Amino acid sequence: MTAVRLRGIYSTALTRLLLDADHEVVQASPPIRERFDADLAAAPAAAGIADTDDRQGVGVSGDPDAVSELVGLLTDELARDAMVWSARAPRGAVFDGVVSRTLGSGAVVELAGDSETPATPELDARAPDVDAEGFLPFDDADGYVDEGDSLRVQVREPAAPWGDDRPLLGTDIEVPGELVSLVRGEEGASADARGERGTELVRTTDLLPAEAPDGWGVRWERDAADAEMDALGSALSRAVERAESMEETLSSSPSEGVAPRRVVAPQATAWVWFGRESRFALDGRRRDVTTTMPGHHRTKAAARSASDAVDFVEAVCATSGEFPVGEFPFGAVADQFGPREGDRIALGHGKPDGRLITLGRGEVTERDDDGALTLRREISSSGTYDAIGTEREPGDVAVTKLQEGRWWYPTVYRGEDGERKGTYVNVCTPVELFPSVARYVDLYVDVVRRPDGEVERVDADELAEAVETGYVSEELAEKARSVAGAVENAL
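Using our numbering, the first residue of the sequence shown is number 43, and each one after it goes up by one.
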């Protein structure tokens, strides 16, 4: 049984999933405590699960064994379009880094080359094979920082591979935790809690059986305000063990030496991206607990402003006794939050290795309430169209037909004179039409139709390689091949 702390829009669904699998949910938020008839104590967590900033998925950080177990559960229990990547710069990892350049508010620090393995051995194959970089705000640096400097830094906040952000770094070394953290180079105890409870937590430190190692200070976190004495003692004992282990490694590893390199990674971080099928599977888990509209997680992932609207609809339905049924109301959601005709949206082309590539932006020229959308893009660059082989020229037009929930989408390329230059059909996880982006993960294998009518399936070898490396499951790959075959026959 693994103790897990949950935060974010997926918390209710994931709490149901974890409890059904005999795991323990701890430090639950007030809404979760109200919804579940279960003991959700403010106890230490072996791992935490929280939304990514864009709500596309979750980050799982904590004890490496716990992270591996939880990621396995999520991918086993959710749909085939849940995809996993391990972080090369997990939460709490310490690196000897090199400043590659400075920006206005901080420095970009090179952390480790692609020879460094992630902290979760079971997920090695699913760590993006790229150099790890982090961002060190000048306010969080100990002293002046300039290009070429070697620094010992720690990861404060990891970054999902599909986002634009780099992991956030600091130069202070901590053993982070949700109830208590230990800070190297400090003394005594402090509390991130107001009033008498904060004072009480500081005084409680001396009453607990565990004692921070020399040179480490105790900082009680906000969630500690709701914890019982036993939980505080257990949390401090765990933190002390981790600090002692980290201190041994840090003391035997001088900061001046080979860099960039990872010094120690007491925790692991993995990222789980939820595709459309997985979001609807999570809706089902949540519906077992409380009133849930069709597309609850799909709508909340689309826009932060949608959260209050979804909560309002569900509250009204729960009060009136009229529960939402039927299909996802794409038209109503898109009318309220987008995309609408005339909007400009991007093609968010996710890759199985976790990267996100934007294939330009275009104008929505048509959109219906069933989730069909036409996107028009003007081509401004020269070259050739991938796999089609025809010449790409400025002034060409790309017309893309997208359908919410479909496993493929076609793009027709035409010259400035209207002459057809070919059709490219992307095979991908089910498309989601968010207000500013059409989002999916490309599954490599695609189908092209050339101007002379020749039809060819392409990039099947890349799909096979992605299966071999663990980026794509065999089940998902078989679906991609099936879709590609159907498209090939139709063309």
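Yeah, the Cβ is synthetic: ideal placement off N, Cα and C, and Gly gets one too.
Since we're looking at a predicted model, the values are computed, not measured.
Report task. With DSSP collapsed to three states, give me the class of Pro72. Result -> Three-state DSSP puts Pro72 in a helix.
Query - Length of the line joining the Cα atoms of Pro160 and Val314 - result: Per-residue confidence for Pro160 stands at a pLDDT of 47, beneath the threshold of 50, marking its modelled position as unreliable; the derived number appears in the next sentence. Each residue's alpha carbon lies about 15 Å from the other.
Report task. Return the CA-CA distance between Val217 and Val136, expressed in angstroms with no decimal places. Result -> Near 11 Å, if we compare the C-alpha coordinates of Val136 and Val217.
Query raised in the report: On the three-state DSSP scale, how would you describe Ala6?
Result: Residue coverage of the chain in this structure runs from 43 to 533, which leaves residue 6 outside it and unanswerable.
Requested in this report: Put Thr334 into one of helix, strand or coil per three-state DSSP.
Outcome: Looking at Thr334 - three-state DSSP - the assignment turns out to be coil, as it is neither helix nor strand.
Query raised in the report: How is Gly176 classed by DSSP in three states: helix, strand or coil?
Result: Looking at Gly176 - three-state DSSP - the assignment turns out to be strand.
Query - Distance between Ile91 and Val102 (C-alpha atoms, nearest Å) - result: One C-alpha to the other measures close to 5 Å.
Query raised in the report: Comparing alpha-carbon positions, which option in Asp62, Thr57 and Asp385 lies nearest Glu76?
Result: The candidate whose alpha carbon is nearest that of Glu76 is Thr57.
Query - Option nearest Gly99 by Cα separation, candidates Met125, Leu59, Ile421 and Leu178 - result: Taking only the C-alpha atoms, the option nearest Gly99 is Met125.
**Report entry** Counterpart residues of Arg280 in DSSP-defined beta bridges
**Finding:** DSSP lists no partner for Arg280.
**Report entry** Distance between Ala235 and Arg284 (C-alpha atoms, nearest Å)
**Finding:** Going by the C-alpha atoms only, they are around 24 Å apart.
Report task. Tell me whether Asp156 sits in a helix, a strand or coil according to DSSP, three-state version. Result -> Because the pLDDT at Asp156 is just 49, under 50, the model does not fix this residue reliably, and the point stays unresolved.
Query raised in the report: Run through DSSP, which three-state label would Gln98 get?
Result: Three-state result, Gln98: coil.
Query raised in the report: Can you check whether the CB of Ser320 is closer than 9 Å to the CB of Leu23?
Result: The displayed coordinates of the chain run from 43 to 533. Any statement about residue 23 would go beyond what the structure contains.
**Report entry** Cβ-Cβ distance between Gly219 and Arg280 below 9 Å
**Finding:** In this structure, Arg280 lies closer than 9 Å to Gly219 by Cβ.
Query raised in the report: For Val483, which residues from the same chain have a beta carbon less than 8 Å from its beta carbon, with the 5 sequence-adjacent residues on both sides left out?
Result: Counting only Cβ-Cβ distances below 8 Å, and skipping sequence neighbours, we find Asp123, Met125, Trp315, Gly317, Gly392, Lys393, Pro394, Cys470 and Thr471.
Requested in this report: Would you check if the distance between the CB atom of Arg419 and the CB atom of Ala440 is smaller than 9 Å?
Outcome: Cβ atoms of Arg419 and Ala440: closer than 9 Å.
Query raised in the report: Excluding the five sequence neighbours on either side, which residues of its own chain have a C-beta within less than 8 Å of the C-beta of Gly275, listed in chain order?
Result: Once the five neighbours on either side are set aside, the close Cβ partners of Gly275 are Leu250, Pro251 and Ala252.
Query raised in the report: Looking at the unbroken beta strand (DSSP E) that takes in Glu408, where does it start and where does it end?
Result: Leu398 to Arg409 is the extent of the beta strand (DSSP E) around Glu408.
Query raised in the report: From Ala108 to Ala89, what distance separates their C-alpha atoms?
Result: Rounded to whole angstroms, Ala108 to Ala89 spans 6 Å at the Cα level.
Query raised in the report: Ordered along the chain, which non-local residues of its own chain (more than five positions away) have a Cβ less than 7 Å from that of Val476?
Result: Per the sequence shown, the amino acid found at residue 476 is Phe instead of Val. Spatial neighbours of Phe476 in its own chain (CB-CB distance under 7 Å, excluding positions within 5 residues in sequence) are listed in chain order as Ala344.
Query raised in the report: Going straight from the alpha carbon of Gln378 to that of Asp268, what length do you get?
Result: For Gln378 and Asp268, the gap between their C-alpha atoms comes out near 39 Å.
**Report entry** Contact between the segment 239-247 and the segment 319-333 (3+ Cβ pairs under 8 Å)
**Finding:** These segments do not touch.
Requested in this report: Check whether the Cβ of Ile51 sits closer than 8 Å to any heavy atom of the ligand PLP, and report yes or no.
Outcome: For the ligand PLP, the structure offers nothing, since it holds no ligand at all.
Report task. Please work out which residues of its chain come closer than 6 Å, Cβ to Cβ, to Glu66, disregarding the five sequence neighbours upstream and downstream, and give them in chain order. Result -> Excluding residues within five positions, the ones whose Cβ falls inside 6 Å are Met43 and Ala45.
Requested in this report: Less than 8 Å between the CB atoms is what I'm expecting for Arg462 and Pro493, so what's the real figure, rounded?
Outcome: With 8 Å as the limit, Arg462 and Pro493 qualify as a contact, their Cβ atoms being about 6 Å apart.
Query raised in the report: Relative to the alpha-carbon of Leu485, which residue among Val514, Thr465, Gly227 and Phe78 has its alpha-carbon at the smallest distance?
Result: Nearest C-alpha to Leu485: Val514.
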